[in-house]
Amino acid sequence: MRDRPSGPELLWQARRVVLDHLLPQLPNDKRYDALMVAAAMATAAREGEAGDAPLRRALATLAEIDGGGADDARTPEQVAEALSARLTALAGAIRAGRHDADPATHTALLEITADRLAEANPKHLKARRGDA
Amino acid sequence: MELGERKQPLEAFLRDAARTSSAEVVQARPLSGGAIQENWLLDLVLADGPWEGRHAVVLRTDAASSIAVSLDRAQEFAVIRAAWDAGVAVPEPLWLCTDPGVLGRPFYLMRQLPGVALGNRVVKDTSLGGDREALTARIGGEMARIHGVRPPRDDLAFLDRPDGNPALHQVARQRGYIDELAEPRPALDWGLRWCELHAPECPQVTLVHQDFRTGNYMVDADGLTGVLDWEFAGWGDPMSDLGWFCARCWRFGRDDLEAGGVGSRAALYRGYEAEAGRTVDDAAVRYWEVMAHLRWAVIALQQGHRHVSGSEPSLELALVGRRAPELEYDLLQMTAPEHWRATGEGA
Numbered sequence: 453m454r455d456r457p458s459g460p461e462l463l464w465q466a467r468r469v470v471l472d473h474l475l476p477q478l479p480n481d482k483r484y485d486a487l488m489v490a491a492a493m494a495t496a497a498r499e500g501e502a503g504d505a506p507l508r509r510a511l512a513t514l515a516e517i518d519g520g521g522a523d524d525a526r527t528p529e530q531v532a533e534a535l536s537a538r539l540t541a542l543a544g545a546i547r548a549g550r551h552d553a554d555p556a557t558h559t560a561l562l563e564i565t566a567d568r569l570a571e572a573n574p575k576h577l578k579a580r581r582g583d584a
Numbered sequence: 209m210e211l212g213e214r215k216q217p218l219e220a221f222l223r224d225a226a227r228t229s230s231a232e233v234v235q236a237r238p239l240s241g242g243a244i245q246e247n248w249l250l251d252l253v254l255a256d257g258p259w260e261g262r263h264a265v266v267l268r269t270d271a272a273s274s275i276a277v278s279l280d281r282a283q284e285f286a287v288i289r290a291a292w293d294a295g296v297a298v299p300e301p302l303w304l305c306t307d308p309g310v311l312g313r314p315f316y317l318m319r320q321l322p323g324v325a326l327g328n329r330v331v332k333d334t335s336l337g338g339d340r341e342a343l344t345a346r347i348g349g350e351m352a353r354i355h356g357v358r359p360p361r362d363d364l365a366f367l368d369r370p371d372g373n374p375a376l377h378q379v380a381r382q383r384g385y386i387d388e389l390a391e392p393r394p395a396l397d398w399g400l401r402w403c404e405l406h407a408p409e410c411p412q413v414t415l416v417h418q419d420f421r422t423g424n425y426m427v428d429a430d431g432l433t434g435v436l437d438w439e440f441a442g443w444g445d446p447m448s449d450l451g452w453f454c455a456r457c458w459r460f461g462r463d464d465l466e467a468g469g470v471g472s473r474a475a476l477y478r479g480y481e482a483e484a485g486r487t488v489d490d491a492a493v494r495y496w497e498v499m500a501h502l503r504w505a506v507i508a509l510q511q512g513h514r515h516v517s518g519s520e521p522s523l524e525l526a527l528v529g530r531r532a533p534e535l536e537y538d539l540l541q542m543t544a545p546e547h548w549r550a551t552g553e554g555a
């Protein structure tokens with residue numbers, strides 16, 4: 453167990469410093485840099501909070517549409533490796549025309565992409581879900 | 209970076225190119241350019257000759273690292289010249305230098321256009337661009353003029369030409385790019401498979417800009433002043449330019465204004481048809497809007513890869529790379545199972 457504040461807690465607070473204290477002091481031509489820094493910190497913080505749960509979820513989703521049984525992945529490295537293998541296999545099968553218009557595949561891809569979006573750009577995800 | 213010691217050789221080149229006894233670069237200011245080029249704004253005084261006088265010109269050269277798929281500066285210069293000759297609103301192309309001895313890299317000069325290009329500003333600041341529906345129709349007209357340039361053309365022989373159907377050619381290209389990234393993207397493969405099965409016919413291959421979107425043209429208070437950023441031009445399906453322009457990912461938050469976040473789709477089509485004398489194939493345009501998300505996603509991943517590979521550490525490139533899921537999500541929504549035509553056969 454690590455000390456608090458955690459990595460994500462530190463990042464969120466550091467981001468407030470960037471946005472609330474530094475940004476107003478910056479000349480116009482440096483504002484974009486500061487906004488990029490803040491955006492990067494937010495993504496990193498959300499990743500830290502999520503841990504490898506989204507990867508394990510993706511792995512379970514893919515195992516389901518593959519029908520080949522769950523992966524025996526325990527460590528984060530094993531999860532990453534198993535996920536990469538599943539994604540590669542699925543990409544190849546889709547390209548070969550074995551998942552054309554398949555609703556289960558489509559739903560799985562949407563879920564996996566939504567998890568990535570929740571870390572990289574949750575606003576976009578919220579806007580699109582509002583469309584539906 | 210300063211012009212510094214490069215000022216003298218540049219002035220010597222300009223003396224020859226502009227056939228003048230004296231060329232002086234009074235001022236040089238770097239412009240924030242794309243990730244691929246480096247642009248300078250020059251205040252130039254030519255003592256005599258055909259271009260005698262003071263000129264505001266843009267010098268465009270390759271940045272230290274560039275991506276292989278884009279045109280080099282000599283090719284880009286030839287495309288802009290062809291567009292200029294076809295009556296497209298582009299910056300007037302002036303002089304090209306392919307001798308690396310002058311600035312270390314090839315470059316060309318074009319006349320500076322007045323106005324603003326920045327996509328967010330063009331969309332949000334309605335004091336720019338004049339009447340928005342007229343602006344949108346004008347953009348359609350400019351596209352039609354670009355598409356009036358047809359192969360074969362000796363001066364444009366270097367342009368990529370699709371082998372067979374342009375849409376299928378694009379599918380193959382994007383698959384190749386994804387494979388080069390060596391990172392599985394099944395959502396993109398899903399979209400590409402849809403594109404493979406729904407490729408529209410293309411009756412006539414033409415010059416296509418391939419990056420004509422809000423952000424890549426300039427407007428002043430009255431309207432359009434010019435179309436910029438020609439480095440992705442090639443031969444292709446003219447409807448692909450309309451699709452790229454209308455794609456939701458290029459509307460800068462104004463989803464309701466389907467033509468680039470600035471106007472209505474109807475105005476764009478109207479302006480296009482008036483200039484081209486042909487009707488727009490709406491189904492094909494919408495197909496190319498799907499492809500636009502694919503292409504932009506792949507470009508985003510390529511940009512991110514430039515950072516990840518260590519070849520060009522950059523926060524901007526890194527963040528662009530992380531935009532891929534936005535495009536993938538929209539792509540998946542556009543290619544939901546109900547949008548697949550029954551093909552009547554399995555794998």
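Residue numbers (the numbering used here), protein chains in the order written: chain A, 453 to 584; chain B, 209 to 555.
Beta carbons: idealized from backbone N, C-alpha and C, even for Gly.
Report buried or exposed for B:P360, applying the criterion of at least 16 other Cβ atoms within 10 angstroms of its Cβ. A residue is called buried once 16 or more other Cβ atoms fall within 10 Å of its Cβ, and B:P360, having fewer, is exposed.
For a contact defined as C-beta to C-beta under 8 angstroms, what are the partners of A:S536 on chain B? The contacting residues are P392.
Is it the case that the region 534-549 of chain B contacts the region 391-398 of chain B, given that we only count it when at least three CB pairs across the two stretches are under 8 angstroms? A contact exists between the region 391-398 of chain B and the region 534-549 of chain B.
Given A:H576, which residues of its chain have a CB within under 8 angstroms of its CB, disregarding the five upstream and five downstream residues? Excluding residues within five positions, the ones whose Cβ falls inside 8 angstroms are L569.
What are the residues in the region 569-582 of chain A lying within 8 angstroms of chain E by C-beta distance? The structure shown has no chain E; the protein chains it does contain are A and B.
By the 10 Å Cβ neighbour count, where 16 or more other Cβ atoms means buried, how is B:M351 classified, buried or exposed? B:M351 counts as buried, since no fewer than 16 other beta carbons sit within 10 angstroms of its beta carbon.
If we ignore side chains and look at the alpha-carbon of each, how far apart do B:I354 and B:A375 end up? If you take the alpha carbons of B:I354 and B:A375, they lie about 19 angstroms apart.
Residue range of the alpha helix (DSSP H) that includes A:R581: Per DSSP, A:R581 belongs to the alpha helix (DSSP H) from P574 to D583.
Assumed close pair B:A475, B:A467 - CB separation to whole angstroms, cut-off 8 angstroms: That pair is a contact at about 6 angstroms.
Write down every uninterrupted run of the beta strand (DSSP E) in the region 308-334 of chain B whose length is 3 residues or greater and which is fully enclosed by it, in chain order. Within the region 308-334 of chain B, the complete beta strand (DSSP E) segments of 3 residues or longer fall at 315-319, listed in chain order.
Closer than 8 angstroms, CB to CB, is B:A555 near chain A or not? Only weak support is given to the placement of B:A555: the predicted model assigns it a pLDDT of 39, under 50, and the question is left unresolved by the model.
Could you tell me which chain B residues have their CB closer than 7 angstroms to the CB of A:I546, listed as they occur along the chain? Near A:I546 (Cβ distances below 7 angstroms), the residues of chain B are P394, D397, W398 and R401.
Could you name the residues of the same chain whose beta carbon sits closer than 7 angstroms to that of B:L321, not counting the 5 residues immediately before and after it, in chain order? Cβ within range, chain order: P299, M426, T433 and G434.
Would you please state the rounded distance, in angstroms, between the beta carbons of B:I386 and B:V506? I believe it to be under 8 angstroms. At roughly 6 angstroms, the Cβ-Cβ gap stays under 8 angstroms, so B:I386 and B:V506 are in contact.
Nearest candidate by alpha-carbon position, reference A:R468, set A:A579, A:L487 and A:E533: Of A:A579, A:L487 and A:E533, the residue nearest in Cα terms is A:L487.
When the Cα of B:H263 is compared with those of B:E246, B:L311 and B:L317, which residue comes out closest? If you compare the alpha carbons of B:E246, B:L311 and B:L317 with that of B:H263, the shortest gap goes to B:L317.
Return the residues of the region 551-564 of chain A that lie within a Cβ-Cβ distance of less than 8 angstroms from chain B, sorted by chain order. Per Cβ criterion, the list reads H551, D552, A553, D554, P555, T557, H558, L561, L562 and I564.
Taking CB distances under 8 angstroms as the criterion, tell me whether B:Q511 reaches chain A. Cβ-Cβ to chain A under 8 angstroms: no for B:Q511.
When burial is assigned at 16 or more other CB atoms within 10 Å of the CB, is B:H547 buried or exposed? When all chains shown are included, B:H547 counts as exposed.
Spatial neighbours of A:L507 in its chain, beta-carbon cut-off 6 angstroms, leaving aside the 5 residues before and after: Around A:L507: V531 and L535.
Taking 8 angstroms as the CB-CB cut-off, is B:P545 touching chain A? Output row for B:P545: interface = yes.
So for B:V493, helix, strand or coil by DSSP? If DSSP states are grouped into helix, strand and coil, B:V493 belongs with the helices.
Quick check on this structure: which residue in A:A491, A:L462 and A:K482 has the alpha carbon closest to the alpha carbon of B:L527? Among A:A491, A:L462 and A:K482, the Cα nearest to that of B:L527 belongs to A:A491.
Suppose you measure from the CA of B:E553 to the CA of B:A380; what does that come to, to the nearest Å? Low confidence applies here, because B:E553 scores a pLDDT of 46, under 50, leaving its location unreliable and the question unanswered by this model.
Nearest to B:E489 (by Cα), restricted to the options B:Q216, B:A407, B:L249 and B:W303: According to the sequence as given, residue 489 of chain B is Asp; it is not Glu. Just measuring C-alpha positions, the residue of B:Q216, B:A407, B:L249 and B:W303 sitting nearest B:D489 is B:A407.
So that I know if they touch, is there some Cβ in chain A lying closer than 8 angstroms to that of B:D538? B:D538 has a beta carbon lying within less than 8 angstroms of a beta carbon in chain A.
Look up B:T422 in the DSSP assignment and say whether it is helix, strand or coil. DSSP places B:T422 in coil when its eight states are reduced to three.
In chain A, what lies closer than 7 angstroms to B:R530 by C-beta? The answer, in chain order, is T495 and A572.
Figure out for me which residue from A:H551, A:R581 and A:T565 has the closest Cα to the Cα of B:L405. The option with the nearest alpha carbon to B:L405 is A:H551.
Out of B:F420, B:Q412, B:E481 and B:Y480, which one is the CA nearest neighbour of B:W452? Of the listed residues, the one whose Cα sits closest to B:W452 is B:F420.
Please list, in chain order, the chain B residues whose beta carbon lies closer than 7 angstroms to that of A:T540. One finds P392 in chain B with Cβ atoms closer than 7 angstroms to the Cβ of A:T540, taken in chain order.
Just to confirm the assignment, what range does the alpha helix (DSSP H) spanning B:Q216 have? It spans K215 to A225 - the alpha helix (DSSP H) in which B:Q216 sits, taken as one unbroken run.
Ordered list of alpha helix (DSSP H) runs contained in the region 375-417 of chain B, each at least 4 residues: Here the runs fully enclosed are 394-405.
Beta strand (DSSP E) runs contained entirely in the region 472-539 of chain A, provided each spans 3 or more residues: Runs found: none.
Spatial distance of A:L562 from A:R581 (CA atoms): So the two alpha carbons sit approximately 11 angstroms from each other.
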